[in-house]
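Scroll down for the structure; my scribbles are underneath it.
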Amino acid sequence: MQEFRVQTERRSQLVDITKQVRSALGELDGASAALVYVPHTTAGVTINEHADPAVARDFEAALERIVSEDWPWQHVEEGEQNAPTHVRAAFMGSDVLVPVRDGRLALGTWQGIFLCEFDGPRERSVYVTALS
20 MQEFRVQTER
30 RSQLVDITKQ
40 VRSALGELDG
50 ASAALVYVPH
60 TTAGVTINEH
70 ADPAVARDFE
80 AALERIVSED
90 WPWQHVEEGE
100 QNAPTHVRAA
110 FMGSDVLVPV
120 RDGRLALGTW
130 QGIFLCEFDG
140 PRERSVYVTA
150 LS
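Per my numbering, the sequence shown runs over residues 20 to 151.
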């Protein structure tokens, strides 16, 4: 398992981490898949289009609208109201599994791997494991 860190810049932000994932994995000879995992309850990971940065911004705005800050949330024990960030992260999930073909991540032409920050800015860990 390899780990790298990502410093986010906004409360809600999708960060393309495809290059960092490839770098962390190195040579993938013999691997059949790669697991990308984030060990956080207010961040997630997903695969989506990475050719147009507007897609990530639209994604951020949609999730903020679907899971509103204005809901009467009960989880306020930490001194700040971050309950919506837990829900957004749960919608995204904490891991993605990417097949490996010919020693490379088998992502589509327009696909990238994104860290989904919902309670930033902060530093996040990403764990990457090649599976055989």
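Every residue, glycine too, gets a C-beta built ideally from N, C-alpha and C.
(message) Using C-beta distances below 6 angstroms, list every residue in its chain close to Pro103, excluding the 5 sequence neighbours before and after it, in chain order.
(response) Val86, Glu88
(message) What does the Cβ neighbour count give for Met111, buried or exposed, with the cut at 16 atoms within 10 Å?
(response) buried
(message) For His94, count the other beta carbons within 10 Å of its own beta carbon; 16 or more makes it buried, fewer makes it exposed. Which is it?
(response) exposed
(message) Could you compute how far the alpha carbon of Glu83 sits from the alpha carbon of Glu99?
(response) 17 angstroms
(message) With the cut-off set at 7 angstroms, would you say Leu44 and Ala149 are in Cβ contact?
(response) yes
(request) Kindly indicate the opening and closing residues of the alpha helix (DSSP H) around Asp77. (result) 72-85
(message) Taking the straight line between their C-alpha atoms, what separation do you get for Gly131 and Thr65?
(response) 8 angstroms
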